[in-house]
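First the structure, in the form of structure tokens, and then the observations on it.
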Amino acid sequence: MSDRWQTAAMADETGTRHLLLLHGMGATGEVWLPWAPLLEHRWPGRWLAPDLAGHGWSPPLPAYSFEGLARRVVASLGPVAERLGPRDRLVVLGHSLGGVVALALAARSVGLPVDAVVGLGIKAVWSPAELDKARELAERPVTWFASRDEAARRYLRVSGLAGLFAPDHPVVDAGLRREDGRWRLAMDPAAFAVGEPRLPALLAATDVPVLLARGEHDPMVTDAQLKELGVPVATLPGLGHNAHVEDPEVVLSLLDPYH
């Protein structure tokens with residue numbers, strides 16, 4: 001899923017609707033796999049769910065920044081971005097880290113014809129202790145596990161997907177690597193050092209419509225924090241940080257205005 005466009009219903013003469021789905025920290029593009037049947041019927045165009053740099057099958061970066069992650073996404077689009085016509089629409093839906101990367105992609109300086117951004121579960125406020133913890137995680141060496149089950153359970157914790165996918169789910173396979181009989185996570189730990197997103201600056205750098213959404217029970221961000229940013233905010237009742245996994249249909253409905 002990380003390197004090809006998936007085709008749903010093709011658009012008419014008004015242009016093709018392109019949807020870019022960006023996963024959160026520690027996950028991979030395969031986290032959107034359960035969306036495939038819904039998108040076939042609900043999204044009138046094409047969609048792509050790439051692995052962010054240092055995740056899944058995407059190579060690591062020498063150093064991590066939101067702009068660097070966005071540039072890697074642009075590179076993964078390749079000729080697709082070049083073929084976007086004046087009537088085509090590119091909508092970006094990103095979760096958590098992917099939501100920040102989505103905003104970076106929509107910056108005027110990038111030159112990508114983004115039509116709208118939906119950022120889900122973006123952590124807006126970081127304490128010094130939280131940033132210190134992220135830097136500490138980034139400096140840890142890769143952990144090796146004797147069994148796939150051990151590695152799978154660590155992957156689910158690191159990606160925040162524990163309790164949402166079983167350890168033997170195909171989505172988990174994309175987050176694991178086996179080498180010489182041992183298992184590790186596919187993620188580059190250094191990605192944790194990407195830092196705190198400067199959301200006001202990212203929003204000021206784009207001219208496209210932005211919707212910020214969160215699950216009602218997401219402990220990582222509050223409605224008040226998002227509303228301070230001056231863009232529309234949607235709260236999804238009964239859902240948590242991984243609302244796109246908990247209830248794909250509800251999150252997909254956020255895209256209805258952009259068909």
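So for the sequence shown, UniProt numbering puts the first residue at 1; every next one is plus one. Ideal placement from N, C-alpha and C gives every residue a C-beta, glycine not left out. All values reported here derive from a predicted model rather than from experimental measurement.
Suppose you measure from the CA of residue i to the CA of residue j; what does that come to, to the nearest Å?
i    : j    : result
G98  : D180 : 32 angstroms
L33  : R42  : 15 angstroms
V208 : G45  : 20 angstroms
P248 : G94  : 13 angstroms
H259 : R17  : 7 angstroms
L254 : P62  : 35 angstroms
T206 : R182 : 44 angstroms
E196 : R87  : 35 angstroms
V231 : S76  : 29 angstroms
A234 : A36  : 23 angstroms
W144 : W126 : 30 angstroms
E40  : V250 : 16 angstroms
P200 : S96  : 16 angstroms
V172 : V221 : 26 angstroms
L229 : L69  : 22 angstroms
P257 : H169 : 32 angstroms
G78  : P60  : 18 angstroms
L112 : V74  : 8 angstroms
G224 : A116 : Rather than Gly, the amino acid found at residue 224 in this sequence is Ala. When rounded, the distance between both Cα atoms is 22 angstroms.
V210 : D149 : 39 angstroms
Do residue j and residue i come within 7 angstroms of each other at the CB atom, strictly closer than that value?
i    : j    : result
L212 : L226 : yes
G29  : A49  : yes
V245 : L176 : no
V100 : F66  : yes
A193 : Y64  : yes
V114 : A106 : yes
A138 : A190 : yes
A53  : R72  : yes
L252 : G215 : no
H217 : G121 : no
L19  : W47  : yes
Excluding the 5 residues preceding and the 5 following residue i in the sequence, name in chain order all residues of the same chain whose CB lies nearer than 8 angstroms to its CB.
i    : result
R153 : A162 and P167
P141 : P189
In chain order, what residues of the same chain lie with their CB nearer than 6 angstroms to the CB of residue i, ignoring the 5 residues before and after it?
i    : result
L21  : W32, A49 and L93
G26  : V158, S159 and M187
P237 : E216
K123 : M220 and V221
Apart from the five residues just before and just after residue i, which ones in its own chain have a Cβ nearer than 7 angstroms to its Cβ?
i    : result
R108 : A205, T206 and D207
D51  : S2, T28, G29, W57 and S58
L38  : P248, E249 and L252
L185 : A151, R154, Y155, V158, G175 and L176
Stretch pair the segment 149-160 + the segment 124-136: three plus CB contacts closer than 8 angstroms: no
Beta strand (DSSP E) segments (min. 3 residues) lying fully within the segment 36-73: 45-48
Residue ranges of each beta strand (DSSP E) within the segment 106-173, 3 or longer: 114-120
Completely contained beta strand (DSSP E) runs for the segment 173-202, where each covers 3 or more residues: 176-179 and 182-185
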